[in-house]
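Each residue of the sequence shown is one higher than the last, beginning at 648 in the numbering used here.
Shown next, in structure tokens, is the structure this report addresses.
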Amino acid sequence: MTDTDTVTLTLDEVAALSRAVLTRHGLAPDHVEAVTETIVAGERDECAAHGVYRLLVCINTLKTGKVSPDAQPVVDDVAPALVRVDAGGAFAQLAFKRGVPHLITKAKASGIAALALNNCVHFAALWPEIETVVAEGLVALAVTPSHAWVAPAGGRKPLFGTNPIAFGWPRPGPFPYVFDFATSAVARGEIELHRRAGKPIPEGWGVDGDGQPTTDAATALAGAMLTFGGHKGSALSTMVELIAGPLIGDMTSAESLAFDDGAGSSPYGGELIVAIDPAGFLGAAAADHIARAEAVFDGITGQGARLPSQRRYEGRVRSLASGVHIPRALYDDIRALLD
Ligand SMILES: NC(=O)C1=CN([C@@H]2O[C@H](COP(=O)(O)OP(=O)(O)OC[C@H]3O[C@@H](n4cnc5c(N)ncnc54)[C@H](OP(=O)(O)O)[C@@H]3O)[C@@H](O)[C@H]2O)C=CC1
Ligand SMILES: O=C(O)C1=NCCCC1
Numbered sequence: 648m649t650d651t652d653t654v655t656l657t658l659d660e661v662a663a664l665s666r667a668v669l670t671r672h673g674l675a676p677d678h679v680e681a682v683t684e685t686i687v688a689g690e691r692d693e694c695a696a697h698g699v700y701r702l703l704v705c706i707n708t709l710k711t712g713k714v715s716p717d718a719q720p721v722v723d724d725v726a727p728a729l730v731r732v733d734a735g736g737a738f739a740q741l742a743f744k745r746g747v748p749h750l751i752t753k754a755k756a757s758g759i760a761a762l763a764l765n766n767c768v769h770f771a772a773l774w775p776e777i778e779t780v781v782a783e784g785l786v787a788l789a790v791t792p793s794h795a796w797v798a799p800a801g802g803r804k805p806l807f808g809t810n811p812i813a814f815g816w817p818r819p820g821p822f823p824y825v826f827d828f829a830t831s832a833v834a835r836g837e838i839e840l841h842r843r844a845g846k847p848i849p850e851g852w853g854v855d856g857d858g859q860p861t862t863d864a865a866t867a868l869a870g871a872m873l874t875f876g877g878h879k880g881s882a883l884s885t886m887v888e889l890i891a892g893p894l895i896g897d898m899t900s901a902e903s904l905a906f907d908d909g910a911g912s913s914p915y916g917g918e919l920i921v922a923i924d925p926a927g928f929l930g931a932a933a934a935d936h937i938a939r940a941e942a943v944f945d946g947i948t949g950q951g952a953r954l955p956s957q958r959r960y961e962g963r964v965r966s967l968a969s970g971v972h973i974p975r976a977l978y979d980d981i982r983a984l985l986d
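Dropping the structure here:
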């Protein structure tokens with residue numbers, strides 16, 4: 648069903664569109680499947696900036712030659728609680744898929760484990776990865792740098808990436824506690840969508856090249872984005888640069904942008920994912936303590952506040968029942984990639 652402004656697709660149709668576009672542009676079949684899963688999940692959960700819009704971004708990156716269309720991830724079993732996957736310059740999704748079974752086994756054996764993805768191109772949200780780990784009853788944390796687009800608090804020159812931090816905690820039922828946010832005031836994808844729609848952005852998202860506040864999306868994209876929470880977001884963003892950059896032998900956001908060299912590709916570098924097994928500290932008592940944690944969530948929702956991911960989970964239920972609604976201009980731009 649279509650109207651003039653949006654196109655409604657089932658999730659199967661979104662997956663078919665994604666496969667067709669990615670295959671048409673030379674991505675190898677196992678990468679097509681892994682990337683498609685992420686894109687469908689983003690659209691399904693009504694994350695407009697990280698759903699089918701990312702097909703435009705992925706194809707642009709493929710065209711720049713800054714991502715390998717077919718590199719096979721290489722798993723390195725570094726230590727009892729450490730595993731590293733070299734993505735070989737390809738998109739991160741397949742490397743994560745190959746590494747995560749090792750991460751889970753190691754976390755369950757040691758109580759805590761870490762997975763480093765190296766040399767990968769990351770264009771996505773982190774919550775799909777978090778949900779994969781949390782589904783195993785583990786607590787999860789994931790971080791990745793991006794490109795140097797964000798000024799540190801008190802400065803005005805882009806240095807940090809939009810550097811997301813995502814966290815997950817297992818809960819009874821299908822919907823774990825998950826938050827996943829950029830350490831910039833908003834993800835860059837949101838500003839890009841405002842630019843596409845010709846809409847102004849709120850003050851506080853970005854500044855122009857002289858460091859002056861702007862509500863113009865294109866001006867902020869060309870100037871500098873701002874961190875959330877002033878110096879606190881700035882420090883968290885620094886942490887992401889460090890622990891998913893030099894700590895795992897990979898690029899900072901400034902290095903990623905230099906590697907891009909003006910091509911306009913997605914960020915290149917590393918991602919760090921940590922998994923903690925509650926049974927590691929607690930043994931058989933873990934279930935009781937995990938149950939006790941529910942009081943924290945009840946304390947939030949009990950006063951009318953919402954949990955992070957609630958909007959997403961509600962969107963998921965809607966999309967599974969009645970499909971997704973894509974702006975027609977975006978749909979047309981994606982279809983044009985098949986020409
Ligand atoms: N790969 C990369 O390099 C990058 C990826 N990203 C991705 O961009 C995405 C969007 O980031 P960002 O713009 O910061 O996200 P948002 O600010 O939209 O949301 C951040 C988190 O806060 C939750 N949240 C939002 N509003 C509320 C509220 N009122 N009460 C409680 N929780 C709330 C969201 O849940 P809900 O979703 O349910 O609204 C979400 O978990 C992330 O998924 C991130 O991984 C961002 C930067 C770089
Ligand atoms: O929206 C963002 O910010 C990003 N998303 C995916 C990767 C680059 C940054």
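From the three backbone atoms N, C-alpha and C, an ideal C-beta is built for every residue, glycine too.
- In this structure, Phe875 keeps its C-beta atom at 9 Å or more from the C-beta atom of Ala933.
- Burial check for Phe770: the Cβ neighbour count within 10 Å reaches 16 or more, so the residue is buried.
- Separation of Pro823 and Asp857 (C-alpha to C-alpha, rounded to the nearest whole angstrom) is 43 Å.
- In this structure, the CA atom of Glu684 is about 8 Å from the CA atom of Ala662.
- Ser881 sits away from Gly808, with the two beta carbons spaced by 9 Å or more.
- By the criterion of a C-beta distance shorter than 6 Å, Ala760 is surrounded in its chain by Ala728, Leu750, Lys753, Ala754, Ala922, once the five residues flanking it on both sides are discounted.
- Assignment of Ser913 by DSSP, reduced to helix, strand and coil, places it in the coil class.
- Look at the stretch 890-977 and you find these whole runs of alpha helix (DSSP H), each 4 residues long or longer: 900-907, 925-929, 933-948, 957-969.
- Annotation for Glu837 indicates a beta carbon within 8 Å of some heavy atom of ligand 2.
- DSSP places Ser793 in the coil class of the three-state scheme, outside both helix and strand.
- Only buried fits Leu709, as 16 or more other CB atoms lie within 10 angstroms of its CB.
- In the DSSP assignment, Ile759 falls within the beta strand (DSSP E) that extends over 759-768.
- Below 8 Å, too few C-beta pairs join the stretch 774-785 and the stretch 845-852 to call them touching: fewer than three.
- For Ile838, the enclosing alpha helix (DSSP H) stretches over residues 835-844.
- Beta-carbon to beta-carbon, Pro720 and Val732 are separated by about 5 Å, close enough to satisfy the 8 Å threshold.
- The closest heavy atom of ligand 1 lies 8 Å or more from the beta carbon of Arg842.
- Residue nearest to Gly673 within the set Gly927, Ala800, Asn707 is Asn707 (criterion: CA-CA distance).
- Distance from the C-beta of Asn810 to the nearest heavy atom of ligand 1 is below 8 Å.
- The beta carbon of Gly911 sits closer than 7 Å to the beta carbons of Asn707, Thr711 from its chain, once the five residues preceding and following it are set aside; these are given in chain order.
- Pairing Val854 with Ala800, the inter-Cα distance amounts to about 12 Å.
- At least one heavy atom of ligand 1 sits closer than 8 Å to the Cβ of Asp692.
- Restricting attention to alpha helix (DSSP H) runs no shorter than 4 residues, the stretch 668-732 encloses them at 676-691, 700-711, ordered along the chain.
- Just so you know, the alpha carbons of Gly758 and Arg958 end up roughly 31 Å apart.
- Beta-bridge pairing by DSSP links Met872 to Val797, Gly853.
- Between the stretch 691-707 and the stretch 666-682, the count of C-beta pairs closer than 8 Å reaches three or more; the two stretches touch.
- Leu977 counts as buried, since no fewer than 16 other beta carbons sit within 10 angstroms of its beta carbon.
- Between the alpha carbons of Thr899 and Val790 lies a gap of roughly 12 Å.
- Judged by beta-carbon spacing, Met872 lies within the 9 Å limit of Val797, meaning their Cβ atoms are closer than that value.
- In this structure Ser966 is in contact with Arg691, their Cβ atoms being roughly 4 Å apart against a cut-off of 8 Å.
- If you ignore the 5 residues before and after Thr948, its C-beta comes within less than 7 Å of the C-beta of Leu954, all in its own chain and listed in chain order.
- Exclusion of the five residues before and after Gly917 leaves Ala763, Leu764, Asn765, Asn766, Cys767, Thr791, Pro792, Ala891, Gly892, Ile895, Gly896, Asp897, Met898 as the residues of its chain whose Cβ lies within less than 8 Å of its Cβ.
- Ranked by Cα distance from Val687, the options Gly927, Ser831, Leu658, Gly802 are led by Leu658.
- In the three-state scheme derived from DSSP, where H, G and I count as helix and E and B as strand, Pro860 is classed as strand.
- The distance from the Cβ of Ala737 to that of His678 is about 6 Å, consistent with a contact at the 8 Å cut-off.
- For Ile777, the enclosing alpha helix (DSSP H) stretches over residues 774-781.
- Residue environment for Ala696: buried (at least 16 other C-beta atoms within 10 angstroms of its C-beta).
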